[in-house]
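Worksheet: one structure, shown below.
Residue numbers (this note's numbering): 688 to 1003.
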């Protein structure tokens, strides 16, 4: 079971990172400008970041196994949309849908780990495998993307997800236990909080992604960020009064959780920014092929994966 959950996390991580190396080919083929190419990455981030809280609540109310299967099917369908895209709008729609799949899959995997493995050594080991799979996918995704782009074309960085996701669906139907019966499905959901949080986080991510092209002082840049920040502030007020809050505010009293969240935010933001700039510079400025650009990251991929295998089990 843990192998399946780690594999699903690997799919999620690879799917986000695999497109970096294909961007220089996707841009001219589908009509993206140099500034708008980043939307191929950002569309996924908007869908994922904007809907993650709502996805977590969907897992709580509708069942982790059910949402695990739904998320993987969304991945398969949205990957087909992306691979068959003939223009920017179709590709970005596919990427946003992949983000929705990720917003369901990520909390579903964590919920399945927490319910299937008892607290202590077994859960720690499962979390270690989960973490290693995510780290590995983030680093080997561009390498896989380089191979596929060079030999099969950019569309295959999307098509490759289809058999992987469908294979995971078939395995999940056999390996994952049925969801427990629930008295209530959506009755106790903090709907105002979910809507405000989703709208606020989506606007912030949208503003950050739009700023470089539209201008940071524009409505689509700073305007969206400010509106999103206001909504997120409103979200805190809504949660304080909610009977069944989407995010219990008492969690933020734990200094360790706040510190860990800040570290993850900084590290992942730095890594994702590096990937985007790194691969565009290698291909557009230094003249690397997609395959060579993907392989250029291989040494750090091997080092990071080896370190993950060594360090994570000890920490957990």
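Quick reminder that beta carbons are idealized off the backbone N, C-alpha and C, glycines included.
Counting of Cβ neighbours within 10 angstroms places residue 841 among the buried residues, the total reaching 16 or more. The C-beta of residue 754 has 16 or more other C-beta atoms within 10 Å across all chains shown, which makes the residue buried. Distances from the alpha-carbon of residue 789 to those of 947, 738 and 885 put 738 closest.
Here residue 821 is not near residue 962, since their CB atoms are 7 Å or more apart.
If you draw a straight line from the Cα of residue 902 to the Cα of residue 732, it comes to about 19 Å. Around the CB of residue 952, fewer than 16 other CB atoms lie within 10 Å, so the residue is classed as exposed. Annotated three-state conformation of residue 802 is helix, per DSSP. Three or more Cβ pairs drawn from the region 741-757 and the region 787-804 lie within less than 8 Å of each other, which places the two stretches in contact. With respect to residue 922, residue 977 sits apart: the two C-beta atoms are not nearer than 7 Å. When secondary structure is reduced to three states using DSSP, residue 975 falls in the coil class, being assigned neither helix nor strand. A contact between stretches requires three or more CB pairs, one per stretch, nearer than 8 Å, and the region 704-718 meets this requirement with the region 774-786. Counting the other Cβ atoms within 10 Å of the Cβ of residue 805 gives fewer than 16, which makes it exposed. Between residue 734 and residue 807, the C-beta spacing is not below 7 Å. Below 8 Å, enough C-beta pairs join the region 692-708 and the region 841-853 to call them touching: three or more. For the pair residue 747 and residue 791, the Cα-to-Cα distance works out to about 11 Å. Within the region 832-860, the complete alpha helix (DSSP H) segments at least 4 residues long are 843-846, listed from N- to C-terminus. Note on geometry: alpha-carbon atoms of residue 722 and residue 900 lie some 6 Å from one another. Membership of residue 893 in the alpha helix (DSSP H) is indicated by the continuous run 878-901. Excluding its 5 nearest sequence neighbours in each direction, residue 971 has C-beta neighbours in its own chain below 8 Å: 711, listed in chain order. The shortest CA-to-CA distance from residue 762 to any of 802, 742, 846 and 816 is the one to 846. Counting only runs of at least 3 residues, the region 759-808 fully encloses no beta strand (DSSP E) element at all. DSSP places residue 821 in the helix class (H, G or I) of the three-state scheme. DSSP assignment within the region 926-955 yields no whole alpha helix (DSSP H) run of 4 residues or more. For residue 695, the enclosing alpha helix (DSSP H) covers residues 689-704. With fewer than 16 other beta carbons inside 10 angstroms of its own, residue 948 counts as exposed. Bounds of the alpha helix (DSSP H) holding residue 731 are 726-749.
Annotation for residue 714: the continuous alpha helix (DSSP H) segment containing it runs 710-717.
Here residue 939 is exposed: its Cβ has fewer than 16 other Cβ atoms, across all protein chains shown, within 10 Å.
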